[in-house]
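Following my numbering, the numbering of the sequence shown begins with 1 at its first residue and continues without gaps.
Beta carbons: idealized from backbone N, C-alpha and C, even for Gly.
Remember, it's a predicted structure, so these values are computed and weren't measured experimentally.
Structure, as structure tokens:
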Amino acid sequence: MKYPLILDGATGTNLTLRGLPAGVCPEEWILQNPEALIDLQRTFVAAGSNAVYAPTFGANREKLSRYGLQDKVAEFNHRLVALSKEAVGPGVMVGGDMTALGIFTVPMGDATFEDIYAIYQEQAAALEEAGVDFFVIETLMSLSEARAALLAVKAVSKKPVFVTLTVGENGKCLDGTDPAAAGAILAALGADAFGLNCSAGPDRLREVLAEAAPAIPLPLIAKPNAGLPEMVGNQTVFRLSPADFARDTAAMAEIGVCIFGGCCGTTPEHIAALRDALDGVTPPIHSEEALAVPADARHIFAPVESDLSMDFQDIDEDLSELLYDLEDDDLLALRLQNEEDPAILEENLYLLKNPLALTAEDPALLERALRAYAGRALIAYDGDLLPFVTRYGAIPLAI
């Protein structure tokens with residue numbers, strides 16, 4: 001892709017101004033009122049967008065089920081992508097947009113990794129069939145969900161995948177995910193770009209991305225809001241002007257941001273000002289490989305030596321007690337032996353704040369554990385390296 005790449009601005013807040021009412025399924029409303037989306041996306045392209053997101057944000061089984069439309073996943077994704085392609089014409093890329101499902105794994109919910117993965121894979125397959133130019137997984141609030149979505153997309157497509165998280169005032173996701181650790185993990189899983197969207201205005205996003213950038217060997221994405229929302233009567237208002245938004249967002253090129261756009265409250269005027277601010281800018285791209293071993297996605301641990309000595313322990317029902325007893329600088333080394341071991345590990349992963357090493361004689365047990373683990377595990381192996389080890393971003397150590 002040619003950088004800087006300019007994305008579109010807000011879809012939801014702009015469609016609300018064009019008549020989208022509260023309480024309806026946005027995807028269904030767009031299909032019933034296609035002229036609203038066509039006008040919006042054509043205006044963004046005229047303002048300078050090189051790529052737009054198809055309005056498939058909530059077109060997954062979980063979100064559509066809230067309107068009794070869970071059987072419309074393939075139909076809605078196909079039609080919405082076609083609508084965006086009609087709107088922008090040739091020469092402008094259309095991204096397949098996917099987002100958080102609103103369901104959670106332990107301890108915040110009872111969904112499993114496989115539950116979440118299946119929902120994302122269904123939508124990703126529909127978007128691939130619809131002919132999107134790239135995928136975007138955006139507004140994610142947990143690393144485990146972002147990871148499941150990315151793996152689901154990679155299973156059905158070889159097209160580029162962007163991943164953007166949203167963070168709170170503390171600069172971390174709802175589940176405590178640190179963007180630096182998340183970016184390192186998602187890079188190892190094959191993401192093509194990583195960054196932040198929504199969350200706040202460009203000033204705050206710059207602070208968070210600047211801190212995370214050294215750990216992330218990918219082009220960075222920034223899609224900030226037009227400042228923080230304010231309630232004026234019954235209306236949500238974003239007050240950051242196009243000029244101020246453009247100045248502060250374009251300045252993020254200095255920290256490695258290559259892909260720019262806008263989220264809540266940003267209009268075609270914001271994108272036009274951003275295009276002008278980026279004229280002549282050539283942002284640097286982080287190209288060095290980062291070897292990180294995030295555990296609970298709150299830390300990045302130093303690279304490990306290939307001859308590291310590990311005392312592997314068997315997994316049993318008392319695993320939670322073992323996790324509670326770990327010191328901050330301990331490495332947890334576990335041996336998978338029984339069919340139920342990956343499930344026991346998954347149930348207790350939310351307690352793990354340390355690097356994890358795994359070994360097993362049965363490759364199937366290793367793969368099940370790696371699918372569920374949200375960090376980058378060390379894998380001790382004897383013999384040929386198993387192909388799925390690198391697929392899940394693990395770090396192999398020969399023994």
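- Message: Among the candidates A364, L356 and S199, whose CA atom is the shortest distance from the CA of G168?
- Response: One-based indexing of the sequence shown puts residue 168 at position 168. Checking every option, the nearest Cα to that of G168 belongs to S199.
- Message: Helix, strand or coil, according to DSSP, for F388 in the structure here?
- Response: What you label residue 388 is simply residue 388 of the sequence shown in a count that begins at 1. Residue state, collapsed to three classes: helix.
- Message: Cutting at 8 Å between CB atoms, please list the residues of its own chain near Y3, excluding the five before and the five after it.
- Response: Taking the first residue of the sequence shown as position 1, residue 3 is located at position 3. Closer than 8 Å at Cβ, skipping near neighbours: P219, C258, I259, T282, P283 and I285.
- Item | P294, DSSP secondary structure in three states | Here residue 294 refers to the residue found at position 294 when the sequence shown is read from its first residue. Residue placement at P294 cannot be trusted, given a pLDDT of 47 that sits under 50; what the coordinates show is reported in the next sentence. Coil.
- Look at the alpha carbon of A155 and the alpha carbon of M93, and state the distance between them as a whole number of angstroms. Within the sequence shown, the letter at position 155 stands for residue 155. Within the sequence shown, the letter at position 93 stands for residue 93. Between A155 and M93, the C-alpha separation is close to 22 Å.
- Item | Three-way DSSP call (helix, strand, coil) for M252 in this model | Your numbering for residue 252 matches position 252 in the sequence shown. If DSSP states are grouped into helix, strand and coil, M252 belongs with the helices.
- At what residue ranges does the segment 312-380 contain a whole run of the alpha helix (DSSP H), taking only runs of 4 or more? 319-324, 341-348 and 363-372
- Item | Backbone secondary structure at L143 - three-state DSSP | Within the sequence shown, the letter at position 143 stands for residue 143. Note: L143 maps to helix in three-state DSSP.
- Task: Compute the Euclidean distance between the alpha carbons of A295 and V153, then round it to the nearest angstrom.
- Result: As a position in the sequence shown, residue 295 is number 295, starting the count at 1. As a position in the sequence shown, residue 153 is number 153, starting the count at 1. The pLDDT assigned to A295 is 46, lower than 50, so where the model puts this residue is not dependable; a value taken from the coordinates is nonetheless given after this. Here the alpha carbon of A295 sits roughly 23 Å from the alpha carbon of V153.
- Query: Where P355 and G375 are concerned, what is the direct C-alpha to C-alpha distance, given to the nearest angstrom?
  - Reply: In the sequence shown, counting from the first residue as 1, residue 355 sits at position 355. In the sequence shown, counting from the first residue as 1, residue 375 sits at position 375. Their backbone Cα atoms lie some 8 Å apart in a straight line.
- Taking only beta-carbon atoms, is E114 less than 8 Å away from chain D? Going by chain labels, chain D is absent from the structure shown, which holds only one protein chain.
- Item | Proximity to R206 [Cα-Cα], best of L240, I185, T249 and G265 | Start at 1 with the first residue of the sequence shown, and residue 206 comes out as number 206. Residue nearest to R206 within the set L240, I185, T249 and G265 is T249 (criterion: CA-CA distance).
- Message: Within 10 Å of its beta-carbon, does G261 have 16 or more other beta-carbons around it, so buried, or fewer, so exposed?
- Response: Locating residue 261 in the sequence shown gives position 261, where the first residue counts as 1. By the 10 Å Cβ count, G261 comes out buried.
- Query: Where does the unbroken beta strand (DSSP E) through A111 begin, and where does it stop?
  - Reply: For the purposes of this step, residue 111 is identified with residue 111 of the sequence shown, where counting begins at 1. Element bounds for A111: n/a, residue is neither H nor E.
- Message: Counting C-beta neighbours from all protein chains within 10 Å, is the total for A292 16 or more, i.e. buried, or is it exposed?
- Response: In the sequence shown, counting from the first residue as 1, residue 292 sits at position 292. Note that A292 has pLDDT 43, beneath the 50 cutoff, so the model's placement of it is unreliable and no number is given.
- Could you give the distance in angstroms between the alpha-carbon of V106 and the alpha-carbon of T236? Here residue 106 corresponds to residue number 106 of the sequence shown, with the count starting at 1. Here residue 236 corresponds to residue number 236 of the sequence shown, with the count starting at 1. If you take the alpha carbons of V106 and T236, they lie about 33 Å apart.
- According to DSSP, is I103 helix, strand or coil? As a working mapping, residue 103 is identified with position 103 in the sequence shown. The answer is coil: DSSP assigns I103 none of H, G, I, E or B.
- Message: I need the boundaries of the beta strand (DSSP E) containing K2, first residue and last residue.
- Response: In the sequence shown, residue 2 corresponds to position 2, counting from 1. Careful: K2 lies outside any beta strand (DSSP E) and carries neither H nor E.
- Item | Status (buried if at least 16 other CB within 10 Å, exposed otherwise) for A398 | Here residue 398 refers to the residue found at position 398 when the sequence shown is read from its first residue. Answer is exposed; the Cβ neighbour count stays below 16.
- Task: Jot down the residue ranges of each uninterrupted beta strand (DSSP E) in the segment 212-289, minimum 3 residues, whole runs only, in chain order.
- Result: As far as the segment 212-289 is concerned, its whole beta strand (DSSP E) runs of at least 3 residues are 220-224, 229-232, 235-238 and 257-260.
- Using a Cβ-Cβ cut-off of 8 Å (strictly less than) and excluding sequence neighbours within five positions of S320, which residues of its own chain qualify? Counted from its first residue, the sequence shown places residue 320 at position 320. Within the same chain, S320 has close Cβ partners N348 and L351.
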